[in-house]
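Participant: This is the structure I want to talk about, given as structure tokens.
In the numbering used here, the protein residues as written are 101 to 201.
See the structure below:
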């Protein structure tokens with residue numbers, strides 16, 4: 101563990117909302133999805149020692165804030181927030197079946 105200390109890790113992903121974002125030479129391949137949250141699991145002993153949460157935009161901001169606040173109040177050693185890139189935030193996923201005559 102971390103002793104009595106707590107650690108907040110925020111994983112930020114580059115957005116690919118503009119065409120030029122696809123061609124930046126400094127950007128590593130496969131930046132999304134990030135393996136950061138998966139790797140962070142190796143630094144805690146049990147699931148109770150960490151909170152892993154995805155920030156999905158303004159639609160879930162209040163829920164995410166409450167979960168983070170609760171984790172800090174409970175003394176959770178590791179809080180890892182996966183900040184989804186702009187193209188993955190605030191969208192509605194639809195499972196649609198349509199029939200054309």
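Note that beta-carbon positions come from the ideal geometry of N, C-alpha and C, so glycine has one too.
1. Go ahead and label residue 171 buried or exposed: buried means 16 or more other beta carbons lie within 10 angstroms of its beta carbon, across all protein chains shown.
2. Assuming residue 137 contacts residue 155 under a Cβ cut-off of 8 Å, what Cβ separation, rounded to an integer in Å, is found between them?
3. Can you give the beta carbon distance from residue 169 to residue 150, rounded, assuming they're within the 8 Å contact cut?
4. Can you tell me the Cβ-Cβ gap for residue 178 and residue 144, rounded? I've got them flagged as a contact below 8 Å.
5. With distance defined between alpha-carbon atoms, name the residue in 195, 161 and 197 nearest to residue 181.
6. In this structure, how does DSSP classify residue 151 when only helix, strand and coil are distinguished?
7. Would you report the Cα separation of residue 130 and residue 165, rounded to the nearest angstrom?
8. Compute the Euclidean distance between the alpha carbons of residue 141 and residue 189, then round it to the nearest angstrom.
Facilitator: Put simply:
1. buried
2. With a Cβ gap of about 12 Å, residue 137 and residue 155 do not count as contacting.
3. Residue 169 to residue 150, Cβ: 16 Å. No contact.
4. 5 Å
5. 161
6. strand
7. A caution first: residue 130 carries a pLDDT of 49, below 50, which makes its placement in the model too unreliable to give a value.
8. 24 Å
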